[in-house]
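Going down the list, the sequences are from chains A and B.
For the first sequence, the working numbering begins at 1 and goes up steadily by one.
For the second sequence, the working numbering begins at 1 and goes up steadily by one.
See structure below.
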Amino acid sequence: MNTLTPIAYAIYLIGITTTALVVSRLIIRHGRIFITQGYDGNTALTQAAAGMLQTQFNLIALAAMLLLLRFSKPGSESFLFPSAPQSVPALFEVLSVKLGIMLLVIGIMHFLSLRLINRIRLGGEIL
Amino acid sequence: MSPDTYPLLNYALYCAITLAVTILVGRSLHRNGRPFLEECFQGHEGMADSVNHLLLVGFYLVNFGLLALLLKTETPPHNLTELIECLSFKTGSALLGLGAMHLFNLWNFDHLRTRALRKKAWQAAFKPEPNAAPSTGPTPNNPAR
């Protein structure tokens, strides 16, 4: 059995989970001041909205991570799903693609969250 | 190792992970939705609590139904790699469904709150307090002609 594949999966899962959790915490910590402004200084509402935003961010990021995890069978490689690594250099190549895709996804979600927080700051119906 | 080990492990881990995440998300929604509902019902704690509870039960029902439907795998895993792939695909689909339900609840809370704010503004504009200065704008009892 190829032992490099489970190693690649473990590195990918741990790395992306950590990044997603850290980024969502960062957004909430630095966005709270804007959310407070949108809710006219109501701390209970600010806390609640921040918590729900963080949960939503984590859910979507982790779902994308799990859905984009797999390697393709030999013969049906694509950019999103490269074939499983057979050597250590191939492990690095494959992991860089996998991690890069997920970091791009998390980066895009980061900017979408910034827009959402700005909408909260401006007030009115948000979603 | 019996041939059923990996498929069984697959189902057991799927149930454990998705049930745990559903309950965590449901509790988070229950806790964080409370201030929004309180504002919506303008301080009627009993109503806010009961609506919150009903929303939570609905959330659990829909999600547990979704998780049960997603359980079956067409190609059972035979080794660790296939187990990780199979499990991650199923769990990812379940989390996506969970995210959609969470978003629906967020929209609900936001909608309820803005509607309550609009109602409050309407009441302030058209139904002044008895001892407040008389409004010059149109009122339901005295419409502008």
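Just so it is clear, CB atoms sit at the ideal spot from N, CA and C, and this is done for glycine as well.
Please work out which residues of its chain come closer than 7 angstroms, Cβ to Cβ, to ILE28(A), disregarding the five sequence neighbours upstream and downstream, and give them in chain order.
-> Residue mapping note: residue 28(A) aligns to position 28 of the first sequence, counting from 1. ALA50, LEU53 and GLN54.
Counted within 10 angstroms of its Cβ, other Cβ atoms place CYS86(B) as buried (16 or more) or exposed | In the second sequence, counting from the first residue as 1, residue 86(B) sits at position 86. Looking at its Cβ environment, which holds 16 or more other Cβ atoms inside 10 Å, CYS86(B) is buried.
Give the DSSP-derived three-state secondary structure of SER76(A) in the structure shown.
-> Taking the first sequence and counting its residues from 1, the one referred to as residue 76(A) is at position 76. Correct three-state label for SER76(A): coil.
Interface partners of HIS111(B) on chain A, CB under 8 angstroms | The count along the second sequence starts at 1 and reaches residue 111(B) at position 111. Chain A residues near HIS111(B): GLU125 and LEU127.
Which residue comes first and which comes last in the alpha helix (DSSP H) that contains ASP49(B)?
-> Sequence index remark: in the second sequence, residue 49(B) carries index 49 (1-based). Per DSSP, ASP49(B) belongs to the alpha helix (DSSP H) from 45-70.
What residue range is occupied by the uninterrupted alpha helix (DSSP H) comprising GLY92(B)?
-> As a first step, residue 92(B) must be located in the second sequence, where it is residue number 92. Counting along the chain, the alpha helix (DSSP H) containing GLY92(B) begins and ends at 80-126.
Indicate whether the contact test is met: 3 or more Cβ pairs, each with one atom in the region 108-124 of chain B and one in the region 2-18 of chain B, closer than 8 angstroms.
-> no
Where SER2(B) falls: helix, strand or coil (DSSP) | Start at 1 with the first residue of the second sequence, and residue 2(B) comes out as number 2. The answer is coil: DSSP assigns SER2(B) none of H, G, I, E or B.
Backbone secondary structure at SER128(A) - three-state DSSP | Given that chain A is displayed from residue 1 to residue 127, the structure contains no residue 128(A) and the question cannot be resolved.
Taking the continuous alpha helix (DSSP H) assigned at PRO82(A), which residues delimit it?
-> On the first sequence, residue 82(A) is found 82 positions in, with the first residue counted as 1. Where PRO82(A) is concerned, there is no enclosing alpha helix (DSSP H), given that its DSSP letter is neither H nor E.
Look at the Cβ atom of GLY31(A), then the Cβ atom of LEU99(A), and state whether they are nearer than 8 angstroms.
-> As a first step, residue 31(A) is located in the first sequence; it is residue number 31 there, counting from the start. As a first step, residue 99(A) is located in the first sequence; it is residue number 99 there, counting from the start. No, these two residues do not count as a Cβ contact at 8 angstroms.
Mind listing the chain B neighbours of ASN2(A)? Cutoff is C-beta to C-beta under 8 angstroms, in chain order.
-> Working through the first sequence from its first residue, we reach residue 2(A) at position 2. Going along chain B in sequence order, the residues near ASN2(A) (Cβ under 8 angstroms) are THR81.
List the residues of chain A whose Cβ lies closer than 7 angstroms to the Cβ of ILE84(B), in chain order.
-> Here residue 84(B) is taken as the residue at index 84 of the second sequence, counted from 1. What ILE84(B) touches in chain A: PRO6 and TYR9.
Going by alpha carbons, who is nearest to LEU19(B) out of GLY58(B), SER50(B), HIS78(B) and PHE64(B)?
-> For the purposes of this step, residue 19(B) is identified with residue 19 of the second sequence, where counting begins at 1. It is PHE64(B) whose Cα lies nearest to the Cα of LEU19(B).
Nearest residue (CA-CA) to ALA61(A), options LEU68(A), THR5(A) and ILE106(A) | For this step, residue 61(A) is matched to residue 61 along the first sequence. Considering only alpha carbons, the answer is ILE106(A).
Span of the alpha helix (DSSP H) holding GLN54(A)?
-> As a first step, residue 54(A) must be located in the first sequence, where it is residue number 54. Where GLN54(A) is concerned, the enclosing alpha helix (DSSP H) stretches over 43-67.
How long is the line joining the alpha carbons of GLU39(B) and LEU122(A), rounded to whole angstroms?
-> Position 39 of the second sequence, counting from 1, holds the residue named residue 39(B). Position 122 of the first sequence, counting from 1, holds the residue named residue 122(A). Roughly 19 angstroms between the two C-alpha positions.
For ALA64(A), which residues from the same chain have a beta carbon less than 6 angstroms from its beta carbon, with the 5 sequence-adjacent residues on both sides left out?
-> Taking the first sequence and counting its residues from 1, one reaches residue 64(A) at position 64. Excluding sequence neighbours, ALA64(A) sits near VAL105.
Would you mind giving the Cβ-Cβ distance between ALA94(B) and LEU112(B), rounded to the nearest angstrom? I have them listed as a contact below 8 angstroms.
-> Here residue 94(B) refers to the residue found at position 94 when the second sequence is read from its first residue. Here residue 112(B) refers to the residue found at position 112 when the second sequence is read from its first residue. Incorrect: roughly 27 angstroms between the Cβ atoms, too far for contact.
Measuring only between beta-carbons, confirm whether GLN37(A) sits less than 8 angstroms from chain B.
-> As a first step, residue 37(A) must be located in the first sequence, where it is residue number 37. For GLN37(A), the answer is no, since every Cβ of chain B falls outside 8 angstroms of its Cβ.
Report all residues from its chain with a CB closer than 8 angstroms to the CB of GLY33(B); omit the five preceding and five following residues, and keep chain order.
-> Residue numbering aside, residue 33(B) sits at position 33 when the second sequence is read from its first letter. If we look at GLY33(B) and ignore the five residues flanking it on each side, its Cβ neighbours are ASN52, LEU55, ASN105 and PHE109.
So which residues of chain B does GLY51(A) contact, with C-beta pairs closer than 7 angstroms?
-> Numbered from 1 along the first sequence, position 51 holds the residue referred to as residue 51(A). Correct list: SER28 and ASN32.
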